[in-house]
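Trainee: As given, the protein sequences belong to chains A and Z, one line each in that order. My numbering applies: residue 824 is where the first sequence begins, and numbers increase by one. My numbering applies: residue 309 is where the second sequence begins, and numbers increase by one. For every residue, glycine included, the Cβ atom is placed at its ideal position computed from N, Cα and C.
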Amino acid sequence: MKYSPFSQEAALGLLATLREEKGPVLMALQLMQKEFGYVDKACVELIANFFNKSRADVHGVLTFYHDLRTTPPTEHQISICVAEACQAVGARSLEKEVKAKFANETHDAYCFGNCALGPAAMVDGKIIGRATLAKIEVARQ
Amino acid sequence: MIIYIPGDSAALSVGADEVAAAIAHLAPTATIVRNGSRGALWLETLVEVQTPYGRIAYGPVTPEDVASLFDADFLNGGQHRLALGKTDQIKWLANQDRVTFARVGIIDPLSLNDYRAHGGLLGLMNALELSSDELISEVTDSGLRGRGGAAFPAGIKWRTAAQATSDQKYICCNADEGDSGTFADRMLIEGDPFTLIEGMTIAGIAVGATQGIVYLRSEYPYAIATLQKAIDIARADSWLGKSVLGSMHSFDIQIRVGAGSYVCGEETAMLESIEGKRGVVRAKPPLPAIEGLFGKPTIINNVLTLATVPMILAEGAAAYKARGVGRSLGTQVFQLAGNIACGGIVETAFGITLNKLINTYGGGTLTKRPLRAVQIGGPLGAYFSTDQFETSMDYESLIAAGGMLGHGGIVVFDDTVDLAVQAKFAMEFCAIESCGKCTPCRIGSTRGAETIDLIIQGVRVDENKKLLLDLCEVMTDGSLCAMGGLTPMPVKSAMINFPSDFTGAAR
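1. Select from the region 880-891 of chain A all residues with a C-beta closer than 9 Å to any C-beta belonging to chain Z, and list them in chain order.
2. Just checking, does the region 563-583 of chain Z make contact with the region 594-614 of chain Z on the three C-beta pairs under 8 Å criterion?
3. Could you tell me which chain Z residues have their CB closer than 9 Å to the CB of residue 860 (chain A), listed as they occur along the chain?
4. If we ignore side chains and look at the alpha-carbon of each, how far apart do residue 433 (chain Z) and residue 807 (chain Z) end up?
5. Evaluate residue 893 (chain A) with the Cβ neighbour count: other Cβ atoms within 10 Å of its Cβ, from every protein chain shown; 16 or more gives buried, anything less gives exposed.
6. Under 8 Å, do residue 927 (chain A) and residue 897 (chain A) count as touching if we go by C-beta distance?
7. Just to confirm, are residue 529 (chain Z) and residue 952 (chain A) a CB contact at a threshold of 8 Å?
8. Can you list, in chain order, the residues of the region 578-593 of chain Z whose Cβ is nearer than 7 Å to any Cβ on chain A?
9. When DSSP labels each residue in this structure, what does residue 528 (chain Z) get in the three-state scheme?
10. For residue 717 (chain Z), which option in Z:727, Z:788, Z:706, Z:723 has the closest C-alpha, if you only look at C-alpha atoms?
11. Cβ atoms of residue 903 (chain A) and residue 929 (chain A): under 8 Å apart, would you say?
12. In chain Z, which residues lie less than 7 Å from residue 845 (chain A) when you measure between Cβ atoms?
13. How is residue 721 (chain Z) classed by DSSP in three states: helix, strand or coil?
14. Can you tell me the Cα-Cα spacing of residue 891 (chain A) and residue 754 (chain Z), whole angstroms?
15. Quick one: complete alpha helix (DSSP H) runs, 4+ long, within the region 321-368 of chain Z?
16. Mind checking residue 548 (chain Z): buried by the 16 CB within 10 Å criterion, or exposed?
17. Which value, in whole angstroms, describes the spacing of the CA atoms of residue 768 (chain Z) and residue 514 (chain Z)?
18. Can residue 587 (chain Z) and residue 502 (chain Z) be called in contact, C-beta distance under 8 Å?
19. At which residues does the alpha helix (DSSP H) containing residue 591 (chain Z) begin and terminate?
20. List, in order along the chain, the chain A residues whose C-beta lies closer than 9 Å to that of residue 490 (chain Z)?
21. Counting along the chain, where does the alpha helix (DSSP H) carrying residue 930 (chain A) start and finish?
22. Closer than 8 Å is the cut-off here; do at least three beta carbon pairs connect the region 359-366 of chain Z with the region 651-668 of chain Z?
23. Contact criterion: CB-CB distance below 8 Å. Does residue 903 (chain A) meet it with respect to chain Z?
24. Going by the CB atoms, is the gap between residue 364 (chain Z) and residue 340 (chain Z) shorter than 8 Å?
25. Which chain A residues are close to residue 460 (chain Z), counting only those with a beta carbon under 9 Å from its beta carbon?
26. Kindly indicate which residue of Z:355, Z:335, Z:336 has the alpha-carbon position closest to the one of residue 344 (chain Z).
27. What are the boundary residues of the alpha helix (DSSP H) that includes residue 800 (chain Z)?
28. In the DSSP assignment, find the unbroken beta strand (DSSP E) run with residue 567 (chain Z) in it and report its ends.
29. Would you say the region 529-548 of chain Z touches the region 490-507 of chain Z, given that touching needs at least three Cβ pairs under 8 Å?
30. Quick one: using the 10 Å Cβ neighbour count with 16 as the cut-off for buried, is residue 695 (chain Z) buried or exposed?
31. Over what stretch of residues does the alpha helix (DSSP H) that includes residue 835 (chain A) continue unbroken?
32. Count the C-beta pairs between the region 539-548 of chain Z and the region 649-656 of chain Z that are closer than 8 Å, then say yes if the count reaches three, no if not.
33. What runs of the alpha helix (DSSP H), each 4 residues or longer, lie entirely inside the region 743-804 of chain Z?
34. Is it true that the CB of residue 646 (chain Z) sits closer than 8 Å to the CB of residue 719 (chain Z)?
35. What residues in its chain sit with their C-beta under 8 Å from that of residue 553 (chain Z), if we drop five residues either side in the sequence?
36. Does DSSP put residue 514 (chain Z) in a helix, a strand or coil?
Spelled out as structure tokens, the structure:
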């Protein structure tokens, strides 16, 4: 996936689009990550100042949610569902296989709502059902 | 020539886009409609062709099958090894009672013409003729209870919010469908998003709320995209906006996307998250219906609850209430998941047996190994053994059997499952997803996972089992919300129903 390089100017321009939103902090963090691929450290202060919050407020939100990351992502992102319905059809062994090969870019996830066609995975935003290492490798290309 | 190829993400996950591309390549003049899924997910990609005799189905179709389908003249309903006959006569579908899911898989999800042609907007138009009081009474009389899992009567919640006075009220739709084994909210949003918008609009009119918010999880990117398009279409059609269908009511909807937190499916944590804060649970009271989002009266209902309202207003409370058993009235959208041969959506009146769902509809396990356990109601639901298969699937019977219906997800496991490992996972999941506000959940879950680990290793098994049960009691009684309060349910049910897995001897 392609992201823009982080800059304060670009970040401030994006934050301005949320000026009318109520309770904008989580949206702001999500917007930063969508644009830059991650939430740069500088964003905490930018968002705090822009929306008149404390840095602690923003930091608290940033560290609460599993989706938000503070370092640039790897080129490919693989998520394997390891919740119960996928466990029932071998998600745990799939997870091991995939992590053995793509350790840096593989994350655990809990449910993509594809529980009748598990194991489920998401590769660079594309959903995979009845996932196997081979299918994930194809989707990753 | 109309060909239906689902655009539902379950179908996409097994190649529906590739099938659609291959068919479009060989039939460039045909109209391809990307409908929702019929819910028979093991048949995906389910391709349907409109013929003079009705819609004829083929499935499961892979891109490699497409050439042979054309050879068999499938565009005219020709015979093929994947031919399933008329779609609405497929037994699995024909035996269901689709109410909430009546249009899912049948219509083009983003066509208002299709929506209206299949009974859409009738409920809203009827609602506009009623007073707030009459409208809420209709919902109350239908017996509709919260489909998110708490099963609270929808009408009573609405009445509370309607009676509150405030300059602003909100309708929040909880679409944070985080329970493993559940996907009905996602399929409804992807397959018939206007129904949800209609239900929310009716709720807004009923209680005097002008703003709706759908809290939709980030794990559902396809649903987010579909719902946003549907909202834009409804706005352009002057359904949403300053004057709902030309009436004096104003109503609009915004989507707020979650950020990967399970506990944000708990209604008060969801409110915090919509307010842009950490998803930390609030103490109740105050009830959200009185003091909810941004401190204003707020109705929080699950997707299926809101999506059922249009039908109740269109066909009347009596028609809905005529279905079901006891205090569980209407239909439930069951979701068959996990290790199951024929998984998907089974919507039917409450009161069907677990056995019928798993064996008649589900066709047993996918692996063809003996079925050993089913977990009902998501990660916080109980593990049932095959001895309990005659249990009636309704709210009260499941509670009596030591479980809960939750959001209607049923996850099947074969005989390779180790219930001690599943119990440990329940505690680990709670440790990962706990919001951290109360101690029994935050610390108890970690201690619980450690204790189960000792039992698995055979360390002081009896002593640790006693300790674990004691911990479960503390978590049940001492947690603020269902996250910590119900995590003991899968743990204890596994211990009670599968004692042989907790002896310390490796399975």
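Mentor: Taking the structure as given:
1. 880, 883, 884, 886, 887, 888, 889, 890, 891
2. yes
3. Correct list: empty, because the minimum Cβ distance to chain Z is about 15 Å.
4. 55 Å
5. exposed
6. yes
7. no
8. 581, 582, 583, 584, 585, 586, 587
9. coil
10. Z:706
11. yes
12. 602
13. strand
14. 23 Å
15. 324-334
16. buried
17. 58 Å
18. no
19. Per DSSP, residue 591 (chain Z) belongs to no alpha helix (DSSP H) and is neither H nor E.
20. 908, 934, 936, 938
21. Note, residue 930 (chain A): premise wrong, no alpha helix (DSSP H); beta strand (DSSP E) at 929-932.
22. no
23. no
24. no
25. Going along chain A, no residue has its Cβ under 9 Å from residue 460 (chain Z), so there is no contact; the nearest lies around 24 Å.
26. Z:355
27. 796-805
28. Segment: none, residue 567 (chain Z) is in no beta strand (DSSP E) and carries neither H nor E.
29. yes
30. exposed
31. 831-839
32. no
33. 747-750, 752-765, 769-786, 790-794
34. yes
35. 429, 432, 433, 436, 546, 547
36. helix
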